[in-house]
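Numbering (the UniProt record's numbering), first residue to last: 1 to 237.
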């Protein structure tokens with residue numbers, strides 16, 4: 001059943017944001033910034049906007065952890081996206097309405113040109129998957145706007161997982177979470193005719209940062225840079 005009553009949608013946005021704040025405030029976070037000089041979420045970091053990307057299954061984490069980083073979120077302009085938009089704005093995010101195929105890229109370019117866009121958050125495998133597979137929309141946005149992509153790895157030490165296409169994760173109260181910000185993937189040398197190559201580069205970066213986050217989930221600490229991540233994940237598979 002689709003909810004269209006504006007008062008109900010507004011109430012859901014208010015309650016949803018409140019629940020996320022209360023729930024996620026109990027989570028202890030371990031941060032790792034792979035390259036502090038390229039950290040767009042840090043007010044003292046480089047000037048200019050960037051695109052923070054994380055898998056659709058991990059939306060709850062960034063919705064809370066990055067709520068004060070002056071980022072905007074690309075949300076569908078359909079009625080179904082209105083409730084999500086209400087929650088997002090209540091958490092302190094800006095909005096870009098549309099999608100990578102329906103006006104979203106144009107809106108983002110206009111914001112970049114006007115200097116009004118600080119950062120952008122996108123789930124590269126959303127909204128329908130396949131799970132952990134980057135769609136070409138993320139590469140298109142990066143190339144057309146010139147914005148670098150910052151892969152973000154997230155993992156929960158203890159969580160519930162939905163039986164949905166993305167295996168949506170809900171961390172258990174008072175558990176631990178890791179947030180890893182990887183080095184930038186820049187679109188400088190790519191044209192739209194090379195969209196597939198740029199998307200593949202983003203995919204590889206996401207897989208690398210996800211492997212690091214999964215290591216933390218299994219062992220409770222970040223790996224050393226000795227290839228231990230790949231060995232441990234292979235044993236755990």
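Just so you know, even glycine gets a beta-carbon here, dropped at the ideal spot from N, CA and C. Keep in mind that this is a model prediction, so the values were computed, not measured.
Q) By Cβ distance below 8 Å, which residues in the same chain neighbour residue 231 in space, the five residues on each side in sequence not counted? A) At residue 231 the pLDDT is 35, less than 50, meaning the model places this residue with poor confidence and gives no usable figure here.
Q) Taking the alpha-carbon positions, what's the residue 117 to residue 108 distance? A) 8 Å
Q: Tell me whether residue 91 is buried or exposed, calling it buried when 16 or more other Cβ atoms sit within 10 Å of its Cβ.
A: buried
Q. Does DSSP classify residue 6 as helix, strand or coil?
A. helix
(Q) In chain order, what are the residue ranges of uninterrupted beta strand (DSSP E) at least 3 long that sit wholly in the region 72-137? (A) 94-97 and 119-122
Q: To the nearest angstrom, report how far apart residue 8 and residue 119 are at their CA atoms.
A: 30 Å
Q. Are the region 198-207 and the region 166-175 in contact at 8 Å, needing three or more beta carbon pairs?
A. Not touching, per the Cβ criterion.
Q) Residues in its own chain within less than 7 Å of residue 134 by CB, not counting five upstream and five downstream? A) If we look at residue 134 and ignore the five residues flanking it on each side, its Cβ neighbours are 124, 125, 199, 202, 203 and 206.
Q) Thinking C-alpha only, which one of 53, 29, 60 and 217 is nearest residue 155? A) 217
Q: Would you kindly check if the distance between the Cβ of residue 187 and the Cβ of residue 146 is under 8 Å?
A: Yes, they are a contact pair.
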